[in-house]
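Residue numbers (my numbering): 3 to 326.
Given below as structure tokens:
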């Protein structure tokens, strides 16, 4: 219900008189720093004006809100957007995923896990964090995701389609982690093609010399790669690449995938092998949930078994993805 013009005029007159009396009192008394006294005086004047007109509590809130004195608007606190809507507070942005507490738990778990454990996460705000994230490991099969990007970039560069034979080779390499297929792709892409992929994904410590399985990677770089699949893979082939990375054979859907559950869409690649230190197990992934996107890489070595390495990858990811 809107107030009559005469009521509004009367409110404005009373408010101005109240403000004038307040200024006179301040001129003859102690002056306090800050704006709070002026805001309180303005609010008190308006409350008095509403009471003088005999307005009810609900009417008082509605009609007094019509008077847009600067002091009243400022007193209402934060506003939404750029509008000056009194009494409506701005919504806080959603917290970053993972939270600081989740990162602390993941770091503590990785520190206690034994062997060599590094992880990195590019969070939902684009920040890269982790533990021992720049330590280099032999890549094993996790680099096959980069080989996929390298072959798709090569095909785009020469204007060639993904023919049935190439599709079969790429599917075997990615979804089943077939090493013969990886060899075939590597002979086409070479070290140069892998370095171009690393550059497009802004990887900083990637190294390869003579064979794909001996490439050196860090958790930070693999998290960067999966966070920038859109840059590493040519636009016409991005959907194809993501579909392959989401179609890994069930026997290899462990670690981050288990931790993510059904809440997240996961595109990923894992790798495992024996080294002079013990069992090496790696996994890196892109995760999406609605508008939220992040990437996680967990690299391990010197583990007593592949099963223990898988358990550690899942344990780190589960803590990073835990709510709260």
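Note that CB positions come from ideal geometry on N, CA and C, so glycine has one too. These figures come from a predicted structure and were not determined experimentally.
Closest by C-alpha distance to residue i, when choosing among the options
| i | options | result |
| --- | --- | --- |
| residue 205 | 124, 161, 118, 166 | 124 |
| residue 146 | 187, 98, 165 | 187 |
| residue 270 | 253, 288, 260, 168 | 288 |
| residue 131 | 156, 153, 157, 100 | 100 |
| residue 177 | 261, 262, 290, 252 | 252 |
| residue 152 | 179, 282, 239, 167 | 239 |
| residue 258 | 189, 315, 282, 108 | 315 |
| residue 254 | 272, 245, 261 | 272 |
| residue 226 | 156, 208, 262 | 208 |
| residue 262 | 217, 325, 189, 156 | 325 |
| residue 228 | 290, 182, 286, 260 | 286 |
| residue 276 | 168, 166, 303, 97 | 303 |
Within 9 Å, strictly: CB atoms of residue i and residue j
| i | j | result |
| --- | --- | --- |
| residue 118 | residue 322 | no |
| residue 154 | residue 175 | no |
| residue 108 | residue 133 | yes |
| residue 230 | residue 190 | no |
Rounded separation between residue i and residue j - CA only
| i | j | result |
| --- | --- | --- |
| residue 121 | residue 105 | 10 Å |
| residue 250 | residue 161 | 28 Å |
| residue 66 | residue 293 | Note that residue 66 scores 37 on pLDDT, short of 50, meaning its location in the model is unreliable and no value can be drawn from it. |
| residue 317 | residue 114 | 11 Å |
| residue 278 | residue 215 | 15 Å |
| residue 312 | residue 111 | 14 Å |
| residue 284 | residue 299 | 8 Å |
| residue 319 | residue 290 | 14 Å |
| residue 171 | residue 180 | 9 Å |
| residue 103 | residue 213 | 40 Å |
| residue 282 | residue 217 | 14 Å |
| residue 163 | residue 280 | 42 Å |
| residue 248 | residue 116 | 30 Å |
| residue 144 | residue 97 | 30 Å |
| residue 182 | residue 296 | 31 Å |
| residue 236 | residue 260 | 29 Å |
| residue 165 | residue 241 | 16 Å |
| residue 169 | residue 148 | 16 Å |
Whole-number beta carbon distance between residue j and residue i, since they are thought to touch under 8 Å
| i | j | result |
| --- | --- | --- |
| residue 211 | residue 193 | 7 Å |
| residue 142 | residue 274 | 6 Å |
| residue 234 | residue 202 | 5 Å |
| residue 246 | residue 158 | No, residue 246 and residue 158 are not in contact; Cβ-Cβ is about 16 Å, not under 8 Å. |
(message) Can you confirm whether the segment 265-282 touches the segment 180-197 when touching is taken to mean that 3 or more C-beta pairs between the two stretches lie within less than 8 Å?
(response) no
(message) When you compare the segment 209-226 with the segment 121-141, are there three or more beta-carbon pairs, one atom per stretch, that lie closer than 8 Å?
(response) yes
(message) Taking 8 Å as the cut-off, does the segment 126-133 touch the segment 306-314 (at least 3 CB pairs, one atom from each stretch)?
(response) Contact between the segment 306-314 and the segment 126-133 is absent, because fewer than three Cβ pairs lie under 8 Å.
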